[in-house]
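Q:
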Amino acid sequence: MMISRAQANQVLKVYLERVNQRRQADPEPAEVKEGDRVRLSEDARRVAHWVKLAKALPDAGSERVARVRDALARGTYNPSSSDVAAKIIERLVTDRALGEQERR
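Counting from 1, position 25 in the sequence shown corresponds to residue 24 in numbering that gives the first Met the number 0; the numbering is continuous, with no gaps.
1. Mind checking which residues open and close the alpha helix (DSSP H) that includes R17?
2. In the structure shown, what three-state DSSP assignment does R63 receive?
3. Check whether the stretch 36-54 touches the stretch 67-81, counting contact only when three or more Cβ pairs, one atom from each stretch, lie closer than 8 Å.
4. Could you tell me the distance, in whole angstroms, from the CA atom of L56 to the CA atom of Y14?
5. I believe R4 touches D42 by the beta-carbon criterion, under 8 Å. Please report the beta-carbon distance rounded to the nearest angstrom.
6. Out of R21, Q9, S61, point me to the one whose CA is closest to S40's CA.
7. Residues in the same chain with beta-carbon distance under 6 Å from A53, minus the five sequence neighbours each way, listed in chain order, please.
8. Which of helix, strand or coil does DSSP assign to T75?
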């Protein structure tokens, strides 16, 4: 599974919008009497998990990109049409899912 920077940024954008909506609904912070505590919402836990996964991904600008550039320069780059089609469909589905999530 590949998570692009655009996807990670989209997730963070949606999360921050939700946080801002909640802050506007309840602008006064609760008074803490015993000491500060942090309790992450389920959304925050998910975002933290996604960010961790995104950071663990290998650098896309590494060896693979160099190999593809070299193959393109030599005229030997010839990916299978089924691989290209699968990636196009994968991106369309992912982008559509992110777009639907944004509208919510």
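Each residue gets a CB set at the ideal place from its N, CA and C atoms; glycine is no exception.
A: Working from what's here:
1. On the sequence shown, residue 17 is found 18 positions in, with the first residue counted as 1. 4-24 is the extent of the alpha helix (DSSP H) around R17.
2. On the sequence shown, position 64 is the one that residue 63 refers to. Looking at R63 - three-state DSSP - the assignment turns out to be helix.
3. No, because fewer than three Cβ pairs between the stretch 36-54 and the stretch 67-81 fall closer than 8 Å, the two stretches do not touch.
4. Numbered from 1 along the sequence shown, position 57 holds the residue referred to as residue 56. Numbered from 1 along the sequence shown, position 15 holds the residue referred to as residue 14. Using only the alpha carbons, I get a separation of about 21 Å.
5. The residue you call residue 4 lines up with position 5 of the sequence shown. The residue you call residue 42 lines up with position 43 of the sequence shown. At roughly 20 Å, the Cβ-Cβ gap does not stay under 8 Å, so R4 and D42 are not in contact.
6. Here residue 40 corresponds to residue number 41 of the sequence shown, with the count starting at 1. Out of R21, Q9, S61, R21 has the C-alpha closest to the C-alpha of S40.
7. In the sequence shown, residue 53 corresponds to position 54, counting from 1. Contacts found: I2, A7.
8. Here the question's residue 75 lines up with position 76 in the sequence shown. Here T75 sits in coil by DSSP.
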